[in-house]
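*Asks:* With positions in the sequence shown counted from 1, the corresponding number in the numbering used here is that position plus 858.
Idealized CB from N, CA, C, for every residue including glycine.
Got a structure for you, written out below as structure tokens; questions coming shortly.
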Amino acid sequence: MPLSRQEPVSCESCRRKKLKCSREHPCSNCTDRGVACVFSGRPPIARPSPPAVDSLADLIRENAVIRSRLSRLEELLVNQSPDGRAERPTKVRRLDSHDETVLTPSTTPSAAPPDSGPPPDTEFTRSYRSDVQWLGAVGTQENTRLPHISAEFEIRVESMDQVVQAATSSYPDRCIMLPSEAEAFRLFSAYVDEIDPMQHVIHVPTVRDSIRKLYSRINRQEQVEANETVLLLSILGSMASYWSPIVDRHATFDSTQSSTAVSVLWLRQTLDIMEHVRRSSSANLATVQAYLITVFLVYHIEGFSPKVRGIFAAAISAAKDLGLHKTDAQPRKDDSPAERLDTEIRRRVWWHAACTDWTFAMAGGPHEGTYLVNPRHMAVNRPRNVTDEELSSAPSYFTRPLSEPTIMGYYLQRIRMSELSREMTDLTYGLEGDCIPANLADDLDAKFRMFLSELPAFLRVGKHVEGVTYVNGTPRAAVLQRYMVNLALHAKRAKFHLPLLLRKEPKYAFCRNACLESARAVIRLKLELAQDNFSLWISNSKLGGFLHLFFYATVVLLMDFCVNRDVVDEVERGKELQQALNTLEQAKRQSITAALFLDTLMSALQKHNIRLQTQRPVEGIARAVSIDASAERMHSNGGYVGGSFDNLDLDELWQSYVNSEMSNDWTPLLSDLQTAAWD
């Protein structure tokens, strides 16, 4: 007997189109397409229709019930986590404010539906998440597998006299020469007092202990890792570079020539070990700290050069390899003092690197307007306003008010200042300096003024250092940090407004006032710096970064004098410009950087056919000089090649310069001076 054929369960339309039928009448597919739903077999179950509403009153009553149920559901979602426990607020960083954190619920109904929340925080989910991250990172964090791509170093401990002798003669390239332990600690103590307030990226007690352990291993003839040595070498090289008899009561070096030679030796060895670490092993936190200290040293020697940019890029890369940019991405227990200390130092190091990156975005040159650290790609809380001694003893939530002076108070202001630099970079990218709209220039200048008005009292200019009591700090640190934050801020403001000096429209008049105000502040602070007993060593012009800021302030005075010859206070402006040039003339006797700045300034004037006439013959310069823009002694980018202005009579030159005829097109000169100042 033949089998009976089963009746079709889908409608005719779904069978023709090979669709899955809902087997209701009408089915969902036919309803969506607006076609008649026909079944050839047994009629399907009819789709239930919603109950009819009898009246408007019933509809209002029904809506009220629905809203009441939704309100109760929202309240439950806000107050409870997916596993039924009360939800604690989580810290969320704010990118548009200098406040450290704000408290927000981790789950909000308006942000995501209830079923899209995070899974319960159980041991299983934490283990699973860790395994996923571990498996995904395979092949990205191992040391190099290439054999013998970097030779090992030999470390010797010698007396300082032997180190000086090696620095002034030939020595083996793979030999690292360290001073005796006592001399190393003496230089380290000087570094902590004089330089650490300007780049506080280390924990002083930890580094002091690591130095002691390093020398102990060397004395026992044990293997010493390169990472353990590079931080000490960078510190020693920095202190030797900035050394002067004023800051060293123990006379570590017999002359500045000896200290400079030793500094070059240790700097070269630091760079060699950094390259060795990059080739043969993984960096650790000490390596990143050494990178940042070396960036500071080389920047103050030769400016924002390709070498500085290369070392800094390596520092950012090493910091990311260590996960410093994700320090607070996951909740940390920080139960032990060692864990609290490690977390806080990681925050300090990362924020220092990020701030330096955003500051360099305004430093001119081929990288101007760009930065490496995206604030949306980091999860790191701001460092706390605490002393080094409190990092281990105080709980993780403890921090002092910003008005209370500690060595970290300056760094928290430095973070704000670098964020302002990043904001300016983003808002003005792609705009020529003299094409910035007046309203945008006014808005950004308002941020500078607000920053100055909100500085804590211990960082404001005009406050006596005797009136500031640092918590576990020194009066010298207060002076250094006060000058640094004010010099940097005024220099940024003057640099921002300088191109707008060319705009003669009334709506840009405030730009000239702001530019001159900040340029004069930089020059005034530089002169005060040379007269302050606490910071007298800085006046020896070894910190090229400070000279850089002073040179740019001098450029502002010069350009304003050239562009605005019809202003009534021309004589007074001429005197202040001449004083600034005299300061550079004095500094060039002690600093190659100052000589470069002064020679470049004079060469740029000559290149643009600005006549410099003297009343009597002066050695090194003709009686009347008129050099065309294509003169053979100029580089194509406006640099000075040959000759010297060592015997130039600035007083006589300035009088002839004031009386000479001026050009009306100052844009090329401004461009050359900006290139000279920031390349």
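V1156: which of T1145, E1133, S1099 sits nearest, CA to CA?
*Replies:* Taking the first residue of the sequence shown as position 1, residue 1156 is located at position 298. Cα-wise, what sits closest to V1156 is S1099.
*Asks:* Tell me, which residues are paired with V1015 by DSSP?
*Replies:* By one-based count along the sequence shown, residue 1015 stands at place 157. Answer by DSSP bridge pairing, in chain order: L1036.
*Asks:* So, with DSSP's three-state summary, where would you put H1210?
*Replies:* The residue you call residue 1210 lines up with position 352 of the sequence shown. The answer is helix: DSSP assigns H1210 an H, G or I state.
*Asks:* Under 8 Å by Cβ, that's how I've got M1220 and K1350 pegged, so tell me the actual separation to the nearest angstrom.
*Replies:* Working through the sequence shown from its first residue, we reach residue 1220 at position 362. Working through the sequence shown from its first residue, we reach residue 1350 at position 492. That belief holds up - the Cβ atoms of M1220 and K1350 are roughly 6 Å apart, short of 8 Å.
*Asks:* On the premise that R1167 lies in contact with H1225, defined as a C-beta separation below 8 Å, what is that separation, rounded to the nearest angstrom?
*Replies:* Sequence index remark: in the sequence shown, residue 1225 carries index 367 (1-based). Sequence index remark: in the sequence shown, residue 1167 carries index 309 (1-based). With 8 Å as the limit, H1225 and R1167 qualify as a contact, their Cβ atoms being about 6 Å apart.
*Asks:* From A1438 to T1412, what distance separates their C-alpha atoms?
*Replies:* Working through the sequence shown from its first residue, we reach residue 1438 at position 580. Working through the sequence shown from its first residue, we reach residue 1412 at position 554. If you take the alpha carbons of A1438 and T1412, they lie about 6 Å apart.
*Asks:* Which same chain residues, not among the five before or five after P884, have their C-beta less than 6 Å away from its C-beta?
*Replies:* Indexing the sequence shown from 1 puts residue 884 at position 26. The answer, listed in chain order, is C895.
*Asks:* Run through DSSP, which three-state label would H1225 get?
*Replies:* Here residue 1225 refers to the residue found at position 367 of the sequence shown. Note: H1225 maps to coil in three-state DSSP.
*Asks:* Quick check: the Cα distance between R1136 and K1365, rounded to an integer number of angstroms?
*Replies:* Indexing the sequence shown from 1 puts residue 1136 at position 278. Indexing the sequence shown from 1 puts residue 1365 at position 507. Distance between the alpha carbons of R1136 and K1365: 53 Å.
*Asks:* Identify every run of the alpha helix (DSSP H) within the stretch 1098-1135, keeping only runs that are complete inside it and at least 4 residues long; order them along the chain.
*Replies:* With a minimum length of 4 residues, no continuous alpha helix (DSSP H) run stays inside the stretch 1098-1135.
*Asks:* Does the beta carbon of R1307 sit closer than 8 Å to a beta carbon anywhere in chain D?
*Replies:* The structure shown contains no chain D; it holds only a single protein chain.
*Asks:* For Q1389, count the other beta carbons within 10 Å of its own beta carbon; 16 or more makes it buried, fewer makes it exposed. Which is it?
*Replies:* Numbered from its first residue, the sequence shown carries residue 1389 at position 531. With fewer than 16 other Cβ atoms within 10 Å, it is exposed.
*Asks:* Please list, in chain order, all residues of the same chain as K876 whose beta carbon is under 8 Å from its beta carbon, the five residues on each side excluded.
*Replies:* As a working mapping, residue 876 is identified with position 18 in the sequence shown. Closer than 8 Å at the Cβ level, and outside the excluded window around K876, lies no residue.
*Asks:* Pick helix, strand or coil for H1061, following the three-state DSSP scheme.
*Replies:* Working through the sequence shown from its first residue, we reach residue 1061 at position 203. Here H1061 sits in coil by DSSP.
*Asks:* When burial is assigned at 16 or more other CB atoms within 10 Å of the CB, is Q1188 buried or exposed?
*Replies:* Within the sequence shown, the letter at position 330 stands for residue 1188. Burial call: exposed.
*Asks:* How many angstroms separate the CA atom of G1478 from the CA atom of S1449?
*Replies:* Numbered from 1 along the sequence shown, position 620 holds the residue referred to as residue 1478. Numbered from 1 along the sequence shown, position 591 holds the residue referred to as residue 1449. Its pLDDT being 32, under 50, G1478 is placed unreliably in this model, and the value from its coordinates should be taken loosely. Rounded to the nearest angstrom, the two C-alpha atoms are 20 Å apart.
*Asks:* Specify whether the stretch 1286-1294 and the stretch 1266-1277 touch according to this definition: at least 3 beta carbon pairs, one from each stretch, less than 8 Å apart.
*Replies:* No, the stretch 1286-1294 is not in contact with the stretch 1266-1277.
*Asks:* Give me, in chain order, the residues of the same chain whose beta-carbon lies closer than 7 Å to that of K1305; leave out the 5 immediate sequence neighbours on both sides.
*Replies:* Position 447 of the sequence shown, counted from the first residue, corresponds to residue 1305. Closer than 7 Å at Cβ, skipping near neighbours: L1278.
*Asks:* Tell me the rounded alpha-carbon separation between F1316 and F1218.
*Replies:* Locating residue 1316 in the sequence shown gives position 458, counting from the first residue. Locating residue 1218 in the sequence shown gives position 360, counting from the first residue. Cα-Cα distance, rounded: 26 Å.
*Asks:* Please classify G1403 as buried or exposed, where buried requires at least 16 neighbouring CB atoms within 10 angstroms.
*Replies:* Along the sequence shown, one-based indexing puts residue 1403 at 545. It is buried - the Cβ of G1403 has at least 16 other Cβ atoms within 10 Å.
*Asks:* Would you tell me roughly how many angstroms separate the C-alpha atoms of A1212 and N1344, rounded to the nearest one?
*Replies:* Taking the sequence shown and counting its residues from 1, one reaches residue 1212 at position 354. Taking the sequence shown and counting its residues from 1, one reaches residue 1344 at position 486. Looking at the two C-alpha atoms, the distance is approximately 20 Å.
*Asks:* For R1370 and L1072, what's the separation of their Cα atoms in angstroms?
*Replies:* By 1-based counting over the sequence shown, the position of residue 1370 is 512. By 1-based counting over the sequence shown, the position of residue 1072 is 214. If you take the alpha carbons of R1370 and L1072, they lie about 55 Å apart.
*Asks:* Would you mind stating whether N1243 and T1257 have Cβ atoms separated by less than 8 Å?
*Replies:* In the sequence shown, residue 1243 corresponds to position 385, counting from 1. In the sequence shown, residue 1257 corresponds to position 399, counting from 1. Yes, they are a contact pair.
*Asks:* L1150 and Q1081: beta carbons closer than 8 Å?
*Replies:* As a working mapping, residue 1150 is identified with position 292 in the sequence shown. As a working mapping, residue 1081 is identified with position 223 in the sequence shown. No, Cβ-Cβ distance for L1150 and Q1081 is not below 8 Å.
*Asks:* Report the rounded CA-to-CA distance for Q1436 versus S1113, giving the unit in angstroms.
*Replies:* Along the sequence shown, read from residue 1 onward, the residue named residue 1436 stands at position 578. Along the sequence shown, read from residue 1 onward, the residue named residue 1113 stands at position 255. Looking at the two C-alpha atoms, the distance is approximately 32 Å.
*Asks:* Measure the Cβ-Cβ separation of L1442 and A1452 and say whether it is below 8 Å.
*Replies:* As a working mapping, residue 1442 is identified with position 584 in the sequence shown. As a working mapping, residue 1452 is identified with position 594 in the sequence shown. A contact, by the Cβ cut-off of 8 Å.
*Asks:* Expressed to the nearest angstrom, what Euclidean distance is found between the alpha-carbon atoms of Q1023 and L1090?
*Replies:* Here the question's residue 1023 lines up with position 165 in the sequence shown. Here the question's residue 1090 lines up with position 232 in the sequence shown. So the two alpha carbons sit approximately 20 Å from each other.
*Asks:* Determine the direct distance from the alpha carbon of D1284 to that of P1295, and round the result to whole angstroms.
*Replies:* Here residue 1295 is taken as the residue at index 437 of the sequence shown, counted from 1. Here residue 1284 is taken as the residue at index 426 of the sequence shown, counted from 1. Distance between the alpha carbons of P1295 and D1284 is about 14 Å.
*Asks:* Would you tell me roughly how many angstroms separate the C-alpha atoms of E1086 and S1047, rounded to the nearest one?
*Replies:* Counted from its first residue, the sequence shown places residue 1086 at position 228. Counted from its first residue, the sequence shown places residue 1047 at position 189. Roughly 18 Å separates the two Cα atoms.
*Asks:* Identify whether G1320 lies in helix, strand or coil by the three-state DSSP scheme.
*Replies:* Working through the sequence shown from its first residue, we reach residue 1320 at position 462. Residue state, collapsed to three classes: coil.
*Asks:* Where E870 and R891 are concerned, what is the direct C-alpha to C-alpha distance, given to the nearest angstrom?
*Replies:* Within the sequence shown, numbered from 1, the residue matching residue 870 stands at position 12. Within the sequence shown, numbered from 1, the residue matching residue 891 stands at position 33. Their Cα atoms are separated by approximately 14 Å.
*Asks:* Helix, strand or coil for S1261 per DSSP?
*Replies:* Taking the sequence shown and counting its residues from 1, the one referred to as residue 1261 is at position 403. Here S1261 sits in coil by DSSP.
*Asks:* Classify D1427 as helix, strand or coil using the three-state DSSP reduction.
*Replies:* Here the question's residue 1427 lines up with position 569 in the sequence shown. The answer is coil: DSSP assigns D1427 none of H, G, I, E or B.
*Asks:* Can you tell me where the alpha helix (DSSP H) holding K1178 begins and where it ends?
*Replies:* Within the sequence shown, numbered from 1, the residue matching residue 1178 stands at position 320. 1164-1179 is the extent of the alpha helix (DSSP H) around K1178.
*Asks:* Kindly list the residues whose CB is nearer than 6 Å to the CB of A1148, restricted to its own chain and excluding five residues on each side of it in sequence; keep chain order.
*Replies:* Residue mapping note: residue 1148 aligns to position 290 of the sequence shown, counting from 1. Within the same chain, A1148 has close Cβ partners V1088, L1089, S1092.
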